[in-house]
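Only one structure is covered here, and it is reproduced in the block below.
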Amino acid sequence: MRDDLLSLVLKAGDIAQNEILKHWKTSCGVEWKADNTPVTIADKKAEELVRNFAQKETPEFGFIGEEFGQENPGAEYQWVLDPIDGTKSFIHGVPLFGTIIAVLKKGVGVAGLIQLPALNSKLWATAGGGAYADDGRKVKVSDVGELKESLVLSGTINTMESKGYGEWFASIRKNAKLHRGWGDCFGYYLVACGKAEVMADPVVSLWDIAPYPLIFAEAGGYFSTLKGETTLFSETGEPLYPIHEGYTALACNGKFNLLYS
């Protein structure tokens, strides 16, 4: 791994945060994309700025972003970016949104970041280097060993049900100590930091989860699709599923088996 990759990822996160906060709690217009998800000028401008930064600093790398697509898909290294994960939270004034950044080498994470602009907080990891948050404190998943003592997180229950996971997830949340809908990247942030035990998503895009196999490995936890696939790419470096809404996701502290079957 290039020694400066982590510093570049952290710098990219700060670039995104500075732009996003210019639009936070303003009346910036909302557009609705073909997939019925919202986008704002904050999403677009943040991705544009990070793309420009990445192109300047790592011109040989590829780039996959939610708003403006894929560039140089054959490159060995790829940036993957979701400028605002949780745009619905953003537009409703809820601070639990964030920027997700990963740098992958042949589909395997080498550096990853969750940046929470409205909370001025971040979590990052490098391959073999551990996972850290904010002022550099090392983070790890919780030691809670039973579902009945766990905090379980998710996005909307409606999507769980419409995608066919309703009964499975109902069993999990009803047997947990507590369930809350603190979804999107904030949910994964809490699990990686040991503040919650489970986060599940019934449908996600590649840019929603690209750094999580790395982050959870370095935080001592577990990350996979709902059916147990622990990598997002094949051995040849191809995405396992369509990059737009082709994936599912499950993160936990690794103390119990919750896979969908």
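For the sequence shown, this note's numbering assigns the number 261 to the last residue and increments by one with no breaks.
Note that the Cβ used here is the ideal one computed from N, Cα and C, for glycine as well.
Since this is a predicted model, take the numbers as computed values, not measurements.
- Rounded to whole angstroms, Gly98 and Glu19 show a C-alpha spacing of 12 angstroms.
- When only Cα atoms are considered, Phe53 and Arg173 end up about 42 angstroms apart.
- Between Pro211 and Ala125, the gap from beta carbon to beta carbon is short of 9 angstroms.
- If you look at Ala251, you'll find it isn't in any alpha helix (DSSP H); it sits in the beta strand (DSSP E) that goes Tyr247 to Cys252.
- Here DSSP, grouped into helix, strand and coil, assigns Ser154 to strand.
- Counting along the chain, no alpha helix (DSSP H) covers Leu258, and no H or E run does either.
- Apart from the 5 residues on each side of it in sequence, Gln115 sits with its Cβ closer than 6 angstroms to the Cβ of Gly13, Gln17, Gly98, Thr99 and Lys122 in its chain, given in chain order.
- In the DSSP annotation of this structure, the continuous segment of the alpha helix (DSSP H) that includes Pro213 starts and ends at Tyr212 to Glu218.
- Here Val198 is bridged, per DSSP, to Val152 and Cys252.
- Assigned with DSSP and collapsed to three states, Gly109 falls in strand.
- In this chain, the alpha helix (DSSP H) harbouring Phe90 covers Thr87 to Ile91.
- Cβ neighbours of Trp32 within its own chain (closer than 7 angstroms, five residues either side excluded): Pro38.
- A distance below 9 angstroms separates the beta carbons of Ala111 and Leu6.
- Looking at the DSSP output, Lys138 shares a beta bridge with Tyr132.
- A check of alpha carbon separations from Leu214 across Gly69, Leu96 and Phe223 identifies Phe223 as the nearest.
- Around the beta carbon of Leu147, 16 or more other beta carbons sit within 10 angstroms, so the residue counts as buried.
- Looking only at Val80, Cys193, Ala131 and Ala127, the smallest Cα-Cα distance to Ser205 is reached by Val80.
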